[in-house]
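Data first, discussion second: the structure below is written as structure tokens.
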Amino acid sequence: MKKIVSLICIALACMVLTACGENNYNFTLRAFSGTMYEEFMSLSTKQNRFIDNIEENIEGSMATEEKNVFTSGLNTYNEVNDLILLIMPIFDLGQTGSETSAVYSTSNFNNSVYKNIEIFQVERQETSLFTEQNSYSYKMDWSDGGIVIDYSLEISFNESLNQNDYTINMNFQDSNASVNSFTKTYLVRYEQGSSYFYFEIKDSETSLNSIEAEYYILSDDYYIARIRECTYVNSVPNYTSIDLMFNNFDGRLKYGNFSTQKPSSIKGLSDITYSNFAVISEEDRASTLSRYAFDISDGRISTEKVTRGN
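Per this note's numbering, the very first residue in the sequence shown carries number 1; after that it's consecutive.
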């Protein structure tokens, strides 16, 4: 009888653990079902919806210091999201092949200047095809609003990765100066078979400062991302990293300062699981630098942190 009771208790304990979700999530890869443009727009839509939902719960839910870190992390995601959305029409026009012009929605932008562009129409200009490289030029011209974006795209094959590298130079000009005109250089990679996106964003091709953004759309409908930012001060790099994980209304956000040590990539998911992504690890607890991890569940935001350094 005691053995039967013990077995029942073990079974109930397993059911409770599964119900809590720790054993419910399997971070496995899935393939893209659509084009790169379609997949990233879907990711961006769900990411923005998740961020909008949790922003409503920030007020009064945490201390000022923690709130500032949390808000800064969300702002970084929004800014990077906007910079990527500015170039995504190029991949749509490039993948459709026959089309040379199309109008794109600005609903997923966060910056009000981009969001209020009435006609975000991108056109593919004259195409130059060479033996060694494929190069294309594009233009977005919203004449009434004073915004003109010139793009150039060069496609090269990366033998070590066995995939294409997409290098995009973007020149954003706003004659009304509602935002500062700027230039950006992008290196873009994606993997059709694993729903992986990689973006490196710089002010110019020779700039040392950079932002690297990685995204995965996983088989259990979780979306995860890591943004690594590098800023050089007196010729010394300083790295910060922000992780985001979400599924519908629940998720996690983690911020970390890594000083001169470059944070690892999430590519391949070799060391990434539901249990250890975007949470304070034992390595974090031993660190002399700041780490903040925020858990969003059922509309509540809880915080765990290590604040032994800057």
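For every residue, glycine included, the Cβ atom is placed at its ideal position computed from N, Cα and C.
- Rounded to whole angstroms, the separation of the alpha carbons of I217 and N257 is 25 Å.
- Beta-bridge analysis with DSSP links F246 to Y223 and G251.
- The beta carbons of I242 and T64 sit about 19 Å from each other, so the pair does not count as a contact at 8 Å.
- Around the C-beta of I51, 16 or more other C-beta atoms lie within 10 Å, and the residue is accordingly described as buried.
- When the five nearest sequence neighbours on each side are left out, the beta carbons in the same chain lying within less than 6 Å of the beta carbon of N158 are those of D165, in order along the chain.
- Counting only residues of its own chain and dropping the five nearest sequence neighbours on each side, D271 has a CB closer than 8 Å to the CB of S264.
- In this structure, A293 lies near I280, with their beta-carbon atoms less than 8 Å apart.
- Counted as a single uninterrupted DSSP element, the stretch harbouring D295 is not any alpha helix (DSSP H) but the beta strand (DSSP E) occupying residues R291 to S297.
- By the CB criterion at 8 Å, M170 and I155 fall outside the cutoff.
- Judged by pairs of C-beta atoms under 8 Å, the segment 26–44 touches the segment 183–201, as three or more such pairs exist.
- Under DSSP, R124 forms a beta bridge with Y138.
- Rounded to the nearest angstrom, the gap between the Cα atoms of N238 and A286 is 19 Å.
- In terms of Cβ geometry, R226 and I201 do not form a close pair [threshold 8 Å].
- Here A278 really is in contact with L253; their C-beta atoms are around 7 Å apart, less than 8 Å.
- Bounds of the alpha helix (DSSP H) holding R285 are E282 to A286.
- By the criterion of a C-beta distance shorter than 8 Å, S207 is surrounded in its chain by T185, once the five residues flanking it on both sides are discounted.
- Under the three-state reduction of DSSP output, N162 falls in the coil class, being neither helix nor strand.
- By the beta-carbon neighbour count (other beta carbons within 10 angstroms, threshold 16), N162 is exposed.
- Per the coordinates, the alpha-carbon of L86 lies some 25 Å from the alpha-carbon of N247.
- The C-alpha of T288 is placed about 38 Å away from the C-alpha of M41.
- DSSP places P237 in the strand class (E or B) of the three-state scheme.
- Rounded to whole angstroms, the gap between the alpha carbons of Y136 and E126 is 7 Å.
- In this structure, the CA atom of F70 is about 35 Å from the CA atom of W142.
- Secondary structure of R49 (DSSP, three-state): helix.
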